[in-house]
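Residue 294 in the UniProt record's numbering is what sits at position 294 of the sequence shown, and the numbering runs on without skipping anything.
Cβ coordinates follow ideal geometry from the N, Cα and C atoms, glycine included.
Just so you know, these numbers come straight off a predicted model, no measurement behind them.
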Amino acid sequence: SPQAAGSRPPPRARACTGMLRCGPPCWRPCFGAAGWALRPRAGGPPLARSARPRRWEYVGRVTVIPLDDSSPTTLAARAEAESPLGRFLEEKYADPAEHARLRAALPSLSEEAGGHDSRLAFLESLRALRELHVAGAPSALLAGHWEVLEDRSADQALVLLPPDLGEAFEVLAACRPSCPGLCKGLQRQVRRVARSLSAEELRKIAYAHGQMGWRSTRTLVSLGDRLLHLLRKPETSDSVDPATLAALMGTHVLLNIPWRGKHQQQQLELWKAVAVAVPSRMARASPRSFKVLLNAYAKMDFSFSPIHSNVLHMFEACATHLAARVALEDFAPKELAIVANAYARVRAGPFVQPLLQSIAGSAAPRMDQCNQQDVCNLVNAYAMLRSASEPLFEASALHVIKNVTDYTPQSLSLVVHAFAKVHMKHAAMFERAAEMSVRLMDRFEPQGLGNIGFAYSRVRMRHEGLLSSLQDEVIYRGTVGKSLQRVNSLYKFKLLSIELLAEAFSRLSVQDQRLFFVLFDLARERMREFAQRMRKAEPEPGKELARTPQVDLAKVARAASRGEDLEMPTGRGMALLLAAFAKSRSDFHALVRWVPQQVLDLKGQYSSSELTMIFSACSRMGVAHRPLYKELLGHAKIRAPQMQPRALCGLLRSMGRASIYHRTTVRTAVKALSTRATDLRMSDLCAAIVGCADLSYRDERFLRLLAAVARAKVDELGSSELATCFSALCQMRILHRKWFGTMLFEIFRRQHEFTEKDATNVAHAMALLATAELHAAAGDARGAVAQPAQTDDELPFPLNAHRDVFYSMLNITDAHRRDLTYEAVFQMQILELFLRLMVPKIYEDMQYNLKVLLAKARKVNLVVDDYMQNSSKMHRRISQWFTRVGLHHRSEVFLGPFMLDIVIGDKVVVEVDGPSHFYKDTNSRTVASILKHSILCALGFHVRHIPHQEWSQCGTAEKRTLYCATFWQDVLQAEATSGEGAQLGKLPLADVLELVMRSDHKEEEEEEEGTPPLPEGGPAPEAGGGEGGGRRRQPGKDGEEESRLPAFYRTQLRDDDLDGADPDASGGHDFASEAAGARSAEELLAAHQAAEEQLELDRQQSLSSGEGYKLRAERSREKAEGFNGWGILEAWEQARSGAVGSSASGPSMDDAAREELKKLTPRSKRRAVHHESTGLFDYSALEEDTDVSDDEDAGAAAPVPTPGGEPVRGGRWGEIERPTEEDEEPPGVGRGRRRRG
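Next comes the structure, spelled out in structure tokens:
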């Protein structure tokens, strides 16, 4: 026992010699330092420290044995003097009294029992430890004393008063020891006496928790309740200073104590009380208090909380106070940066501008004192608040250039992103940052890559080195590094990063489809992961699991309420992503199939502008998904009255591009835009005009209003916008000569800015406008045909006064003929027909090189193999009914740039006019349809139209039969060549039907005798063995068939077709000889006048339903009596030969009469009218002079237009490659095919 050794053990030793062992902290101070050792009762070696138990346990009695004969007190004093702490005290304090005072105050390891049992002794120990810590004592020297104090805290903390707790926590915050037991004991005492704490004590305790990182929610809630109590009582409210508020609120943010959750109501009350108390205490607040408070409220984000208005009022009051105070006092640069960043986080309004000016004036001269984090915070705050302070950004740019090597990848990306957001293009800074970014490219986080790319795309700065490195890095991380996403965050792209990168690459005009496919694949994977996390419960047994997991919205709402980072797709993100894919022309099949479901899953969670962006992107990518567009139109219909003008213009443009018309939505948009037309930007105004033109929506009042605005702001229009606006209005048949004259003058003045596309569109639009003028002069009556203008006085507007503009546009096209697209060639072919047939005076005065350009463009074959897909369901049904009534015909016959719907014989053309041939909600024919009709009539064809309105009224088989049979009169009238034959066109409809029926009966008899039957329904085969539509007419043996067509549409070139028109150029082009075979204008006018008169007579001889019933009954009776029904043929033969009489077996007809009859019912030939070229898109043909040879390769394949009408550059026109199967368009899109007519 200790008594046997002749000495008295320390107090702790007496406690440990009992039945319990207290654990590791009490071994060394109790025995080791005093020279005592602990052995088991039965003897044996001393217990090692590692072998000592870490928890209380029963061990029995122990015996303390001294190690030597010396006194324990002497040994302890000697050990303290020779210890490292003793040597540190001798070096720091020369006065022995100071040594004694500190040794007496410290919880010495050799101290006698009772030395530190009191509350005051505990506090003296804390003070001594803080003094030594401030003096620079190493933490290892004080670790043992802190352990003694921690072991004693369980008993001593219970007797500490509120001031003692404040002092204790202040010491802990200064020294920061690792004493969790001491901290827990003090926190328990704080919760017991929380109602007695003063404001000063609250500040010390809260500050210590923040510095030490002690996240005791219960303790902080107790402190908040006490602070709330002090603020509510008038007698204690003044004692709460701003430093106390800043300490407690800053600790909540530092320890991430959310205001949502279990104590939400208490937390909101606390934050509200502090926000209300701050404005009245601003005069006493220090810069640090402002910094902490404002930053705390900004980070907690009370935007959607009940106290949002209180928070904004506090920010506004602080901004007003700080605006003057920052200019007078020296705020540290870090404090200024954090204050500015706090206002940026809360999206402060205009009230913050004076404060921002003061901060900029104070921070710009002291930019050298800022570190890279302060610069990032400052410029990002000003960028988020859209405040471009040139002195501040200039000083920041110089700081970046000078210290760019000190910037981390994250800070570098944030700085350039901030400069880009305010459009501050500092070339030197961006160049230096790009060079540094290339070196650090593999260390950028995905968000940093997005910020870098977005910044350089925003300022339109294409740094090739940075762009190439950025592309390679994204492709590498999205392919090879995809398997490392769970290992390293550098390979984990978030949706926001993907959206920024896609937008950046699209703005920089990057067309690398590999890159965009990688971005698409990453975005698809992120959205699939989100759906897997938030998927609904598993389906019931027996039900099939959906291919795409359905998102549980309730689960998403719960996760969002907890403040989790959901990584969920948003409307803005989806809009930006799709817009980037559409701009880069990424229309690969996987993307087009993926888009509709993702947009539908948003369930309308997007703004009006985002809806417009999604609609536009889907239409540009060629997404053909009716439920998707129905969903978008449903939301647009509801939101249209509240949408911004820019969004409405974009909506009209998108609907026009997608060819989707919704009457209510369009009218609502037009009504809303009419009241705010003067506020539109020129790009939006052009989008609205083009959208109406694409939709064929002809609201003349609205279009004239937009035209007036465009005329008033014509200087703000770009060259492309000017051409687009002019072309769109010409398509709408708006006869406004004053406006068009102004626009044409502006076009002529800025012609040097036009591209080939713009110039061709303007020239084609002028032809449309001239057609509308000619049609208006002829009248809008049914059957009215625009007459060609033969003299200068008859020339229509604008060719009479602005022909120089027309020639200038064609010269621009000629100068860029190697960049011609298929659409431009199509327009030029129409222009040549219009000029030569409708305004020959303009064509005659045209320069020789322009005539050659038009002649060479004519040689381009635009026929596509899938022409039958252009046929509508209505067209196919009419074709079947024509066959039933004996009108055998050819469908989809190509004639130059036009596709003729139905051709009967050689002269009758029937146009099936669907809704696209009329302006929406009207019976007015579009100007393009009028132009086609005028050209066909000028070519000598007899043109009839079948409007969809008339066909829809033929609801029964009888009505359709009678309606289609009426076209026999047009066929007979067009084929009549003599005065006697013309009488056949005046026969009643009943006789025409009898002729048809008898002709069919005769064919059946021939079939029974062995004549091979003709195919039923659809077009009959050609003589050459090919099918009807889309095939070329074979050259005639005697040339008689070809003589009926104009020389420039014959299938075989003659020697006199191409003759030297230019005496100085060999192999020139004689255009006068080409028109030798064409019919004169007088003949065309006479033929059309006779046709219209006969058409009117035929309409008067129509059958009523009663007369038709009588006719059918009479025919049935005659058939039963054995009557052969040849009366009509007999009358026809009399009209032809003048002979009267017939035999019992039927009338005798000579061979000439039978040939004429075959012409009346043509069933033996199926021919298509085409160009004389072979179909090769030959670039050299536009560069060389037109030659007279016709030895072109007749077996070459017809070219296939590239999707989107892109020109095929480089090499010859005949070197076009057919697209592969992977490049084929999805069914139903049809973007590579030109429109009919």
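Start and end residues, alpha helix (DSSP H) containing residue i
i: residue 263; result: Neither: residue 263 is in no alpha helix (DSSP H) and is coded neither H nor E.
i: residue 384; result: 372-384
i: residue 831; result: 822-837
i: residue 860; result: Careful: residue 860 lies outside any alpha helix (DSSP H) and carries neither H nor E.
i: residue 898; result: Element bounds for residue 898: not the alpha helix (DSSP H) but the beta strand (DSSP E), 898-904.
i: residue 800; result: That residue, residue 800, is in no alpha helix (DSSP H); it is neither H nor E in DSSP.
i: residue 646; result: 645-658
i: residue 343; result: 333-345
i: residue 664; result: 663-674
i: residue 443; result: From DSSP, residue 443 is part of no alpha helix (DSSP H); its letter is neither H nor E.
i: residue 614; result: 608-621
i: residue 359; result: 353-363
i: residue 843; result: 840-844
i: residue 321; result: 308-328
i: residue 874; result: 873-884
Local Cβ density within 10 Å of residue i, reported as buried at 16 or more and exposed below that
i: residue 204; result: buried
i: residue 347; result: exposed
i: residue 444; result: buried
i: residue 586; result: buried
i: residue 675; result: exposed
i: residue 952; result: exposed
i: residue 827; result: buried
i: residue 1249; result: Nothing about residue 1249 can be reported from this structure: the residues present for the chain run from 1 to 1237 only.
i: residue 1143; result: Low local confidence applies: a pLDDT of 38 at residue 1143 is under 50, so the model's placement there is unreliable, with the coordinate-based value given in what follows. It counts as exposed.
i: residue 678; result: exposed
i: residue 142; result: buried
i: residue 634; result: exposed
i: residue 247; result: buried
i: residue 557; result: exposed
i: residue 653; result: buried
i: residue 956; result: exposed
Supposed contact pair residue j and residue i - C-beta distance, whole angstroms, cut 8 Å
i: residue 567; j: residue 526; result: 6 Å
i: residue 190; j: residue 222; result: 7 Å
i: residue 391; j: residue 366; result: Not a contact, Cβ separation roughly 12 Å.
i: residue 201; j: residue 162; result: 5 Å
i: residue 761; j: residue 723; result: 6 Å
i: residue 1276; j: residue 584; result: Residue 1276 lies beyond the range of the chain shown here (1 to 1237); nothing can be said about it.
i: residue 210; j: residue 185; result: With 8 Å as the limit, residue 210 and residue 185 do not qualify as a contact, their Cβ atoms being about 19 Å apart.
i: residue 429; j: residue 400; result: 5 Å
Limits of the beta strand (DSSP E) - the one that residue i falls within
i: residue 892; result: 890-895
Closer than 6 Å: residue i CB and nearest the ligand GDP heavy atom
i: residue 432; result: This structure simply doesn't include the ligand GDP, nor any ligand for that matter.
For this session: Scan the UniProt domain "RAP" (908-966) and note each continuous alpha helix (DSSP H) run of 4 residues or more that stays entirely inside, going in chain order.
Result: 927-938, 948-953 and 957-965
For this session: Count the C-beta pairs between the stretch 827-840 and the stretch 786-797 that are closer than 8 Å, then say yes if the count reaches three, no if not.
Result: yes
Problem set entry | Meets three-Cβ-pair contact criterion under 8 Å: the stretch 685-703 and the stretch 663-676 | yes
Exercise. Taking the runs of the alpha helix (DSSP H) that are 4 residues or longer, which of them lie wholly in the stretch 159-246?
Worked result: 162-175, 180-192, 199-212, 217-232 and 234-237
Exercise. Can you list the alpha helix (DSSP H) stretches of 4 or more residues lying completely in the stretch 689-726, in chain order?
Worked result: 700-712
Exercise. Contact between the stretch 923-936 and the stretch 966-975: three or more CB pairs below 8 Å?
Worked result: no
Exercise. Should the stretch 681-688 be regarded as contacting the stretch 908-923, the criterion being three or more beta carbon pairs within less than 8 Å?
Worked result: no
Problem set entry | the stretch 842-856 contacting the stretch 884-891, beta-carbon criterion three pairs below 8 Å | no
Exercise. Considering only residues of the stretch 763-790, which uninterrupted alpha helix (DSSP H) runs meet the minimum length of 4 residues and lie entirely inside it, listed in chain order?
Worked result: none
Problem set entry | Contact the stretch 325-341 vs the stretch 301-313: 3+ CB pairs below 8 Å | no
Exercise. Three or more beta-carbon pairs under 8 Å between the stretch 275-293 and the stretch 309-316, yes or no?
Worked result: yes
For this session: State whether the stretch 744-759 contacts the stretch 890-907, with contact taken as three or more CB pairs (one from each stretch) at a distance under 8 Å.
Result: no
Problem set entry | Length-filtered (4 minimum) alpha helix (DSSP H) runs lying within the stretch 422-481 | 427-439, 446-458 and 464-479
For this session: Kindly confirm or deny that the stretch 254-270 and the stretch 283-291 touch, where touching means at least three C-beta pairs closer than 8 Å.
Result: no
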